[in-house]
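Peer 1: Going by this note's numbering, the sequence shown opens with residue 1, and the numbers climb by one from there. To start, I am sharing the structure in question, which I have written as structure tokens.
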Amino acid sequence: MSAPRVLPACSPLLAALLLTAALSGCEAVPHAAPLTAAETAAGAPAVFDGTLPLHPRPAQETLLTVPEIAATVSPSVVGVVAEGGAAVSYGSGILMSGDGFLVTNAHVISGAAALSVVTAAGEEYPATVVGSDRQSDLAVLKVEAEGLPAAVFGDSSACVPGEMAVAIGNPLSMELFGSVTAGILSAVDRRIVMEDRTMELLQTDAAINPGNSGGALVDGYGRVIGINSVKVTAGSYEGIGFAIPTAAAKPIIDDLLQFGYVPGRPAIGIVGEDVRGYYAAYFGVPQGVYLHSVTPGSGAAGKGLKTGDIVIGINGIRVESMAELNRVKADCHAGDVVTLRLWRQGTEFEVEVVLTEAGPEG
């Protein structure tokens with residue numbers, strides 16, 4: 001086991017599409033009893049057996065206070081330090097077991113050359129990646145330690161709008177380690193487009209800021225019900241934060257623990273980006289997914305697709321973005337045959353593609 005190092009007390013969507021002029025010619029719930037400290041310790045696994053347990057709610061109606069929730073869960077929320085070259089970024093994570101497995105956001109560790117985890121007690125451990133899944137924005141890390149204070153995870157499918165929600169994490173940097181903010185669940189099934197994918201998330205007005213990513217969203221009974229992921233900051237919007245619900249996270253986490261990736265995810269085998277409305281209007285092309293390249297060995301290889309082709313449909317459904325394309329693809333399985341409709345220099349045509357398994361992410 002690596003010896004912990006005690007720290008001192010204080011110690012950036014896709015690029016715009018670059019099209020050339022040549023393109024013009026040519027994607028009411030029952031309440032639960034509060035958890036005592038002993039019940040919390042007993043409910044969290046000391047050693048992982050390869051699956052994340054979600055604890056159902058009992059039928060009593062007593063809520064914990066925010067200070068009680070903070071005291072119960074804060075020790076289980078850690079800081080994640082990602083080093084990549086000269087850059088260092090910070091995020092949060094949640095201990096899932098006493099032997100050092102933790103969950104965080106995939107975007108927190110993306111591109112990192114080295115990772116470390118800092119506990120609420122100020123101990124720092126080197127961390128390794130067990131598995132990461134960009135589509136769900138989840139990653140599982142491991143530190144070599146024992147006796148860590150793991151959190152109890154609840155079943156978010158029992159949550160309803162209006163109930164208490166407490167966010168715990170490390171906004172901005174380690175200097176604000178263990179910040180606690182409180183609010184309610186504003187929605188429990190909000191569909192949000194994140195770059196090229198659509199996610200169904202918990203919405204809360206508890207403050208979630210950069211650095212909170214990967215931290216815990218906790219219900220009024222001291223159970224983690226979400227992994228904090230996103231905050232809307234554009235325009236005049238405020239008080240809109242999102243978390244990945246545990247009911248959706250559990251199968252992903254279990255796959256990452258067992259395989260290191262999520263098996264069975266379908267892949268078309270193309271690399272592209274959105275042709276947005278203003279580019280489409282300016283260059284006289286349709287909105288869709290501009291094709292940059294085809295992945296060798298994929299179902300799309302050998303189908304005659306070229307750079308500059310624009311995917312405008314799949315299985316008879318019109319698509320104008322990669323997110324829309326992926327939404328249809330997500331309802332398919334590896335081995336299924338899909339029909340892509342494409343545009344090339346004013347002509348539309350279709351090709352059939354056998355979906356392959358996406359496999360581990362690079």
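Note that the Cβ used here is the ideal one computed from N, Cα and C, for glycine as well.
1) Measuring only the C-alpha atoms, how far is V353 from L291?
2) If you compare alpha carbons, which of A207, V262 and W343 is closest to N228?
3) From the DSSP output, in three-state form, read off E348 for me.
4) So does the segment 130 to 141 actually touch the segment 155 to 162, counting three or more Cβ pairs closer than 8 Å?
5) Between the C-alpha atoms of T20 and E320, what's the straight-line distance to the nearest angstrom?
6) Could you check the C-alpha separation between I240 and T204 for me, to the nearest Å?
7) Residues in the same chain with beta-carbon distance under 8 Å from G100, minus the five sequence neighbours each way, listed in chain order, please.
8) S293 to T307, Cα distance in whole Å?
9) Is the beta carbon of L63 sitting closer than 8 Å to the one on K250?
10) Could you tell me which of R197, S92, S157 and I192 sits nearest to V117, measuring between CA atoms?
11) What do you get for P360, buried or exposed, if any count of 16 or more other CB atoms within 10 angstroms of its CB means buried?
12) Hey, could you find the ends of the alpha helix (DSSP H) L257 is sitting in?
13) Over what stretch of residues does the alpha helix (DSSP H) that includes V328 continue unbroken?
14) Using the Cα positions of P30 and A301, report the straight-line distance between them to the nearest angstrom.
15) Within a Cβ cutoff of 8 Å, which residues of the same chain sit near E357, ignoring the five residues on either side of it in sequence?
16) Under a three-way DSSP split, which group does E68 fall into?
17) Report the partner residues of Y282 according to the DSSP bridge assignment.
18) Going by beta carbon distance, what residues of the same chain come within less than 8 Å of G50, once the five residues before and after it are set aside?
19) Straight-line CA distance for N170 to G299?
20) Taking the C-alpha atoms as reference points, what is the distance between G79 and G178?
21) From the DSSP output, read off the bridge partner residues of G288.
22) For M174, which of helix, strand or coil comes out of DSSP?
23) Tell me the residue span of the alpha helix (DSSP H) that contains I109.
24) When you compare each of A87, G226, T104 and L102 to A187 by their alpha carbons, which one comes out closest?
Peer 2: Taking the definition as stated:
1) 15 Å
2) A207
3) strand
4) no
5) Confidence at T20 is low in this model, with a pLDDT of 32, below 50, so the placement of that residue is unreliable and no value is reported for it.
6) 6 Å
7) Y125, K142, V143, E144, A145, E146 and L148
8) 6 Å
9) no
10) S92
11) exposed
12) T246 to F259
13) M322 to K329
14) Because P30 sits at a pLDDT of 36, beneath the cut-off of 50, its placement in the model cannot be relied upon, and the following sentence gives the value as read from the coordinates. Computed Cα separation, rounded: 53 Å.
15) P263, G264, R265, P266, A267 and A334
16) helix
17) Beta-bridge pairing links Y282 to no other residue.
18) D254, L257 and Q258
19) 43 Å
20) 9 Å
21) V275
22) helix
23) A106 to I109
24) G226
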